[in-house]
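This report concerns only the one structure given below.
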Amino acid sequence: MFSLTTRHQPWWVHIQTTIPDCQYYFGPFDTIEEAEAHQSGYVEDLVQEQALEIVVKVSRCQPEMLTLCDEEDLYPMDWRDLSPHDRPTVLCHC
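Read in my numbering, the sequence shown has 22 at position 36, and its numbers run on one by one without any break.
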(Lines of atoms letter the chains of each structure in order from A and count residues from 1; the text may use other names and numbers.)
(Lines give C-alpha, C1' and ligand atoms only; values in the text may rest on other atoms or scores of the structure.)
Protein backbone atom coordinates (compact mmCIF):
# COMPACT_ATOMS: atom_id res chain seq x y z
CA MET A 1 0.00 0.00 0.00
CA PHE A 2 1.30 3.47 -0.80
CA SER A 3 1.32 6.57 1.37
CA LEU A 4 -0.22 9.79 0.09
CA THR A 5 1.48 13.03 0.91
CA THR A 6 -0.59 15.38 3.06
CA ARG A 7 -1.14 17.64 0.05
CA HIS A 8 -2.87 14.82 -1.83
CA GLN A 9 -4.99 13.50 1.02
CA PRO A 10 -8.69 14.31 1.15
CA TRP A 11 -10.24 16.74 3.62
CA TRP A 12 -12.05 15.38 6.68
CA VAL A 13 -14.15 16.91 9.45
CA HIS A 14 -12.79 15.61 12.78
CA ILE A 15 -15.14 16.06 15.73
CA GLN A 16 -14.23 15.18 19.30
CA THR A 17 -16.70 15.12 22.20
CA THR A 18 -16.06 14.74 25.91
CA ILE A 19 -19.38 13.11 26.80
CA PRO A 20 -19.49 10.64 25.28
CA ASP A 21 -15.72 10.40 24.92
CA CYS A 22 -15.66 9.94 21.16
CA GLN A 23 -13.91 11.04 17.99
CA TYR A 24 -15.75 11.11 14.68
CA TYR A 25 -14.43 11.56 11.15
CA PHE A 26 -16.73 12.72 8.36
CA GLY A 27 -15.63 12.81 4.76
CA PRO A 28 -13.79 12.53 2.52
CA PHE A 29 -14.17 15.91 0.84
CA ASP A 30 -12.32 17.28 -2.18
CA THR A 31 -11.90 20.79 -0.78
CA ILE A 32 -11.68 22.47 2.60
CA GLU A 33 -14.67 24.62 1.61
CA GLU A 34 -16.78 21.52 1.01
CA ALA A 35 -15.77 20.06 4.39
CA GLU A 36 -16.52 23.33 6.19
CA ALA A 37 -19.91 23.59 4.48
CA HIS A 38 -20.92 20.21 5.92
CA GLN A 39 -19.46 20.49 9.42
CA SER A 40 -22.38 22.43 10.94
CA GLY A 41 -24.78 19.60 10.10
CA TYR A 42 -22.58 17.06 11.89
CA VAL A 43 -22.29 19.32 14.93
CA GLU A 44 -26.05 19.89 14.93
CA ASP A 45 -26.65 16.13 15.00
CA LEU A 46 -24.30 15.72 17.97
CA VAL A 47 -25.96 18.61 19.83
CA GLN A 48 -29.34 16.92 19.21
CA GLU A 49 -27.85 13.76 20.73
CA GLN A 50 -26.81 15.91 23.71
CA ALA A 51 -23.07 15.43 23.31
CA LEU A 52 -20.94 17.72 25.45
CA GLU A 53 -17.82 19.77 24.73
CA ILE A 54 -17.71 19.49 20.98
CA VAL A 55 -14.45 20.39 19.26
CA VAL A 56 -14.29 20.57 15.46
CA LYS A 57 -11.23 20.50 13.23
CA VAL A 58 -11.04 20.29 9.45
CA SER A 59 -7.82 18.81 8.11
CA ARG A 60 -6.26 16.61 5.48
CA CYS A 61 -5.80 13.10 6.77
CA GLN A 62 -6.71 9.48 6.17
CA PRO A 63 -8.39 8.12 9.31
CA GLU A 64 -8.13 4.40 9.92
CA MET A 65 -11.48 4.33 11.73
CA LEU A 66 -14.41 6.72 11.31
CA THR A 67 -15.69 6.50 14.90
CA LEU A 68 -13.58 5.97 18.00
CA CYS A 69 -15.32 5.82 21.39
CA ASP A 70 -14.30 4.87 24.89
CA GLU A 71 -16.90 2.16 25.47
CA GLU A 72 -16.81 2.59 29.27
CA ASP A 73 -17.42 6.33 28.99
CA LEU A 74 -20.29 6.39 26.51
CA TYR A 75 -22.78 7.45 29.17
CA PRO A 76 -20.87 7.85 32.46
CA MET A 77 -23.76 9.63 34.20
CA ASP A 78 -27.41 10.25 33.67
CA TRP A 79 -26.68 13.48 31.78
CA ARG A 80 -29.88 13.37 29.75
CA ASP A 81 -31.82 14.52 32.83
CA LEU A 82 -29.74 17.69 33.18
CA SER A 83 -31.28 21.01 32.18
CA PRO A 84 -29.84 22.76 29.12
CA HIS A 85 -28.12 25.24 31.47
CA ASP A 86 -26.30 22.38 33.22
CA ARG A 87 -25.17 20.86 29.90
CA PRO A 88 -22.64 23.28 28.48
CA THR A 89 -21.74 22.51 24.89
CA VAL A 90 -18.53 24.13 23.80
CA LEU A 91 -18.02 24.60 20.07
CA CYS A 92 -14.48 25.26 18.95
CA HIS A 93 -13.72 25.49 15.26
CA CYS A 94 -9.97 24.93 15.26
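Positions of the beta carbon are idealized from the N, C-alpha and C atoms, including for glycine.
Source: prediction; values computed, not measured.
Are the beta-carbon atoms belonging to residue i and residue j less than 8 Å from one another?
i: W(-2); j: P49; result: yes
i: A21; j: G27; result: no
i: Q25; j: V41; result: no
How is the alpha helix (DSSP H) around residue i delimited, first residue to last?
i: I18; result: I18 to Q34
From the DSSP output, which residues share a beta bridge with residue i?
i: R46; result: W(-3)
i: T4; result: Bridge partners of T4: none, in fact.
Could you spell out the range, first to last residue, of the beta strand (DSSP E) harbouring residue i?
i: P14; result: C8 to F15
i: L54; result: T53 to C55
So residue i and residue j are in contact, right, with Cβ under 8 Å, and what is the actual spacing, rounded?
i: T3; j: E39; result: 6 Å
Restricting to Cα atoms, I'd like to know which of the options is closest to residue i.
i: V29; options: R46, C47 and Q9; result: Q9
i: L52; options: H0, A37, Q34 and Q(-5); result: H0
i: I36; options: D7, D56, Y11 and S45; result: Correcting the residue identity first, residue 36 is Gln in this sequence and not Ile. With distances taken between Cα atoms, Q36 lies closest to D7.
i: H(-6); options: C47, E19, V33 and A23; result: C47
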